[in-house]
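Take any residue in the sequence shown, count from 1 to its spot, add 15: that is its number in this note's numbering.
Structure record follows, encoded as structure tokens.
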Amino acid sequence: MVGLGKDFSDAPDYVSHNDHGTAVLLKQMADAGVRHLVLAGSMVVYGEGRYSCPEHGVVRPGARSVRDLDGGRFEPPCPRCGAALSPELVGEDAPVDPRNVYATTKLAQEHLAAAWARMTGGRVISLRYHNVYGEGMPRDTPYAGVASFFRSALERGEAPRVFEDGGQRRDFVHVEDVAAANRTALLALREPGHLAEGELRAYNTGSGTPHTVGEMAEALATAFGGPQPVVTGEYRLGDVRHITASSERLRRELGWRAKVGFAEGMRAFATAPLADTPGRAGVAVRA
Ligand SMILES: [Zn+2]
């Protein structure tokens, strides 16, 4: 299960599907002698990630407060002096800090896979996906991603509703590039020398070019032929402000790089078919 969900009431469902489901899968893999796993990980494990204050250097912002968000103060302030911060690229060794139920289950999934690898001599690559979009994405549900919300609004003839001030930075990566990353990871697991027995290695998987949510809404609306997005100032508690990570490790160690650019990808996605299945499906990759 992906996304933020409705409210805390679906927490047991998230844990059941994402973590208990993973434990069952890993147990079956152990029994069957399967030793290689590529996990669909997520950037959400970093929480607000890495920011820097002009005065205090690299800091980790605290939880976002309802008072700030209601007042339209969407940028997380420096926890020490309250100054405005600038987001920086997060590397795989950054401390994890899951900020919602989904993020927590994605982190637990990695820990379960790491435990499986240690106990069976298996090898795991966790691809920590950024915001995946593209053909076949589920239509909007509380479990879908923002690209799907915007697309579904446009199809109903409505303006995409952009939360906060539209300045949330994300890295939108096309599903074809993510499929290629999975194939690359599967092949790397077979080659000796990439990973040790019992090892889990994480790779951020993004286009390498962050854009704002507002920019995405505009690109989609323009390619679709309108209506243009409206910025509403609404927010969801549990959303993080910026998620921008470096995908340099995946390029350097496994030789993968994203091929679909933002403008080209959004143009294609604006009219690509969406799936009617509920948004509980992940990204299906045929490798
Ligand atoms: Zn400061």
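Don't be surprised by glycine CBs; every beta carbon is placed ideally from N, CA and C.
Top-ranked residue by Cα proximity to residue i, from the options
i	options	result
residue 181	192, 247 and 237	247
residue 193	114, 153 and 273	273
residue 255	43, 60 and 46	60
residue 102	186, 124 and 64	64
residue 232	20, 167 and 87	167
residue 179	279, 195, 83 and 111	83
residue 275	283, 269 and 268	283
residue 56	96, 44 and 216	216
residue 79	251, 269, 260 and 266	251
residue 268	66, 113, 245 and 202	202
residue 286	265, 240 and 130	240
residue 75	118, 62 and 162	62
residue 27	117, 87 and 44	117
residue 38	86, 128 and 66	128
residue 263	105, 93, 41 and 184	105
Local Cβ density within 10 Å of residue i, reported as buried at 16 or more and exposed below that
i	result
residue 16	buried
residue 288	exposed
residue 24	exposed
residue 281	buried
residue 58	buried
residue 243	exposed
residue 21	exposed
residue 299	Because residue 299 carries a pLDDT of 37, less than 50, the predicted location of this residue cannot be relied on, and the following value inherits that uncertainty. The residue is exposed, with fewer than 16 neighbouring Cβ atoms inside 10 Å.
residue 73	exposed
residue 152	buried
residue 31	exposed
residue 68	buried
residue 294	Model confidence at residue 294 stands at a pLDDT of 45, short of 50, so the residue's coordinates are unreliable; what they give is reported in the following sentence. Burial call: buried.
residue 47	exposed
residue 302	Annotation note: pLDDT 29 at residue 302 (below 50); position unreliable, coordinate value reported separately. It is exposed - the Cβ of residue 302 has fewer than 16 other Cβ atoms within 10 Å.
residue 29	buried
residue 109	buried
Segment limits, alpha helix (DSSP H) that includes residue i
i	result
residue 229	228-239
residue 135	116-135
residue 47	36-47
residue 102	Where residue 102 is concerned, there is no enclosing alpha helix (DSSP H), although the beta strand (DSSP E) it sits in stretches over 101-103.
residue 266	263-269
residue 61	Run containing residue 61: none; DSSP gives neither H nor E here.
residue 29	26-29
residue 280	277-284
residue 217	Element bounds for residue 217: not the alpha helix (DSSP H) but the beta strand (DSSP E), 215-220.
Host beta strand (DSSP E) of residue i (start-end)
i	result
residue 143	138-144
residue 56	51-57
residue 257	Looking at the DSSP string, residue 257 is not in any beta strand (DSSP E), and its letter there is neither H nor E.
residue 89	It is not in any beta strand (DSSP E) - residue 89 carries neither H nor E in the DSSP assignment.
Beta-carbon proximity check, residue i vs residue j, cutoff 8 Å
i	j	result
residue 121	residue 197	no
residue 219	residue 143	yes
residue 125	residue 98	no
residue 107	residue 100	no
residue 135	residue 205	no
residue 19	residue 115	yes
residue 235	residue 165	yes
residue 186	residue 160	no
residue 259	residue 207	no
Residues sharing a beta bridge with residue i, DSSP
i	result
residue 96	Beta-bridge pairing links residue 96 to no other residue.
residue 187	146
> Just the residues with CB closer than 6 Å to a heavy atom of ligand 2, in chain order, which are they?
Replying inline: You won't find ligand 2 in this model; what it holds is ligand 1.
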